[in-house]
Amino acid sequence: MENLHYPIGKFIPLDKISSDQRKEWIEQLADTPNQLRFAIKDLTSAQLDTPYRPDGWSIRQVIHHLPDSHMNAYVRFKLALTEDQPTIKTYEEDRWSQLADYQGTPIEVSLTLLASLHQRFVTLLSTMQDAEFSRSYKNPESGVVTLETALGLYAWHGRHHIAHITSLRNRMGW
Ligand code: NI
């Protein structure tokens, strides 16, 4: 049976990460905004308000969540590139999804925000040297994370949420 929560599986950190692997992840991140646009194409407002699984976020919430999450990611990368293993700030993503901007902001605004953000993020990632990918931040909940692992995590994270949308569309025949 299809796993509604983890349609592409959970994120599994790799022990060894090659530069080819990093390149693939950077390409996935570069592609995420367009993949998201394609995934939500022609959905009605009622369809956007449909949860992707029972008790899960609506497609609309998933769309607004992606730039929120990836803005945090971008800041984490910049902190780790400019400070010595900084401790980053976690956030309550479920509470964020209940704030008024998730209902009140047109999705186009978050699609554009994600595209602009990823353009800067990918510009930064594309110029990072090997040693910089070994830099790290400390997540107070999960421990030390290298930037190459964080890169894999956020490449997975975009595909993870887009798959929530595409798998719902498949199930519903939309
Ligand atoms: Ni997420």
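This note's numbering puts the sequence shown at residues 146 to 319. For every residue, glycine included, the Cβ atom is placed at its ideal position computed from N, Cα and C.
* **Reference K283, options R182, T268, L224, closest by Cα** => Indexing the sequence shown from 1 puts residue 283 at position 138. The option with the nearest alpha carbon to K283 is L224.
* H263 beta carbon near the ligand NI (any heavy atom closer than 7 Å) -> Locating residue 263 in the sequence shown gives position 118, counting from the first residue. Not one heavy atom of the ligand NI sits closer than 7 Å to the Cβ of H263.
* Asked: Grouping DSSP H, G and I as helix and E and B as strand, with all else coil, what is S242?
  -> Along the sequence shown, read from residue 1 onward, the residue named residue 242 stands at position 97. In this structure, S242 counts as coil in the three-state DSSP scheme.
* What did DSSP end up calling D163 once you bin it into helix, strand or coil? -> Reading the sequence shown from its first residue, position 18 is the one you call residue 163. First, the residue type needs correcting, since residue 163 is Ser and not Asp in the sequence shown. Residue state, collapsed to three classes: coil.
* 8 Å Cβ cutoff, Y247 in contact with chain D -> The structure shown contains no chain D, having only a single protein chain.
* Rounded separation between D165 and K186 - CA only -> Start at 1 with the first residue of the sequence shown, and residue 165 comes out as number 20. Start at 1 with the first residue of the sequence shown, and residue 186 comes out as number 41. A straight-line Cα-Cα distance of about 31 Å links D165 and K186.
* Taking buried to mean at least 16 other C-beta atoms within 10 Å of its own C-beta, is L270 buried or exposed? -> As a first step, residue 270 is located in the sequence shown; it is residue number 125 there, counting from the start. Burial state of L270 is buried, judged by a 10 Å Cβ sphere holding 16 or more other Cβ atoms.
* Pull up the distance between the alpha-carbon of Y219 and that of F266, whole angstroms please. => Locating residue 219 in the sequence shown gives position 74, counting from the first residue. Locating residue 266 in the sequence shown gives position 121, counting from the first residue. Taking the straight line joining both Cα atoms gives about 6 Å.
* Rounded Cβ spacing between H309 and T250 (contact assumed at less than 8 Å) -> Here residue 309 corresponds to residue number 164 of the sequence shown, with the count starting at 1. Here residue 250 corresponds to residue number 105 of the sequence shown, with the count starting at 1. Not really, about 19 Å apart at Cβ, beyond 8 Å.
* Asked: Helix or strand or just coil, what does DSSP make of K155?
  -> Within the sequence shown, the letter at position 10 stands for residue 155. In the structure shown, K155 sits in coil (DSSP, three-state: anything other than H, G, I, E or B).
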